[in-house]
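Worksheet for the structure shown next.
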Amino acid sequence: MELKKIIETLLFITDEPLRTEKIARICEIKDSKRVEEKLEELKYQYDMENRALSVMKIAGGWQMSTRNEYSLWIRKLYQTRLTLRLSNAGLETLSIIAYRQPITRAEIEAIRGVDVIGPLETLIERKLITVVGRKETVGRPILYGTTEEFLRQFGLNSLEDLPKLDTVVSRESIDVIDGKIKAQNAEDPASAPQLFEQSVPRPEKAEEKAGRNSASGAPDAVPLPIAREDGSHADGQAENGEKN
183 MELKKIIETL
193 LFITDEPLRT
203 EKIARICEIK
213 DSKRVEEKLE
223 ELKYQYDMEN
233 RALSVMKIAG
243 GWQMSTRNEY
253 SLWIRKLYQT
263 RLTLRLSNAG
273 LETLSIIAYR
283 QPITRAEIEA
293 IRGVDVIGPL
303 ETLIERKLIT
313 VVGRKETVGR
323 PILYGTTEEF
333 LRQFGLNSLE
343 DLPKLDTVVS
353 RESIDVIDGK
363 IKAQNAEDPA
373 SAPQLFEQSV
383 PRPEKAEEKA
393 GRNSASGAPD
403 AVPLPIARED
413 GSHADGQAEN
423 GEKN
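Structure (structure tokens):
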């Protein structure tokens, strides 16, 4: 059988990115470069023929995806809107994390000027962010970063594919953001609210619970328990609406 057609079949049936090395193992090909070449050929072929599907390199792997111009018809088929739609608060919080990770909750709040427990809860439930460590300072606050699911949902192969920050906002705005982070770090971390952070397991425990992504070998993001102001906890299940 032709290798390129086998690869095309694998990409068609998978619902997650497949790394070149995994495709090579499945196809019993020792030279992964040969598989990479076929993937590039397949991508070029789909683009040149202007097909409704495209072959994309996403989150370190390869995946077939519908083109944006056909999203309306997909929504009509399922008679619903895509569930990933985030509020402005969620998008702002996610943008800050994406460009300034690893970052603490207090640092995010210093930039936004408001409490971010709700947006953080939503982003964790949707597996767009996860705990990546603890900052070596007083109180050891939790550090947040983006996940492979974030790359998938936004069609990025790596964080390097994000638009350069200085092309999105002015240099002056970047300086203001960095200044707010420095000012926050200069304050006593112990005085910052700790309710949210204390309810989240340490990163090493989250990693023990996390499964291994079959496509990439990277740990899956794990929904984490979130403490609310009234002492109750979210169950880690995504909801249709986002918390404010």
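In the numbering used here, the protein residues as written are 183 to 426. Cβ coordinates follow ideal geometry from the N, Cα and C atoms, glycine included. Predicted, not measured: the structure shown is a model, and the values here were computed from it.
With burial defined as no fewer than 16 other Cβ atoms inside 10 Å of the residue's Cβ, what is the status of residue i: buried or exposed?
| i | result |
| --- | --- |
| Q227 | exposed |
| P199 | buried |
| V358 | exposed |
| K220 | buried |
| T191 | exposed |
| P345 | exposed |
| Y326 | buried |
| E330 | buried |
| Q380 | At Q380 the pLDDT is 43, less than 50, meaning the model places this residue with poor confidence and gives no usable figure here. |
Rank the options by C-alpha distance to the C-alpha of residue i and give the top, closest one.
| i | options | result |
| --- | --- | --- |
| L268 | E231, E307, S352 | E307 |
| A288 | R322, K204, W255 | R322 |
| L333 | E354, L310, E318 | L310 |
| L254 | Q245, K186, A234 | A234 |
| D297 | G272, R207, K258 | G272 |
| F194 | I211, S214, K225, E203 | K225 |
| C209 | S355, K186, L305, L259 | K186 |
| L276 | E231, L305, L259, I324 | L305 |
What is the DSSP secondary structure of residue i, counted as helix, strand or coil?
| i | result |
| --- | --- |
| D402 | A caution first: D402 carries a pLDDT of 38, below 50, which makes its placement in the model unreliable, though a value can still be read off. Here D402 sits in coil by DSSP. |
| S247 | strand |
| I211 | coil |
Is the Cβ of residue i closer than 7 angstroms to any Cβ of chain B?
| i | result |
| --- | --- |
| N367 | Of the chains in the structure shown, none is chain B; there is only one protein chain. |
Cβ contact check for the segment 357-365 and the segment 290-297: 3 or more pairs under 8 angstroms: yes
Within 8 angstroms, do at least three Cβ pairs link the segment 311-330 to the segment 275-290? yes
I'd like to know if the segment 241-258 and the segment 327-341 are in contact, where contact means that at least 3 CB-CB pairs between them fall below 8 angstroms. yes
Segments assigned alpha helix (DSSP H), at least 4 residues, entirely inside the segment 281-308: 287-294, 299-307
Give a yes or no on contact between the segment 345-364 and the segment 243-253, applying the rule of three or more CB pairs nearer than 8 angstroms. no
Please list the segments of the beta strand (DSSP E) lying wholly inside the segment 216-242, counting only runs of 3 or more residues, in order along the chain. 235-240
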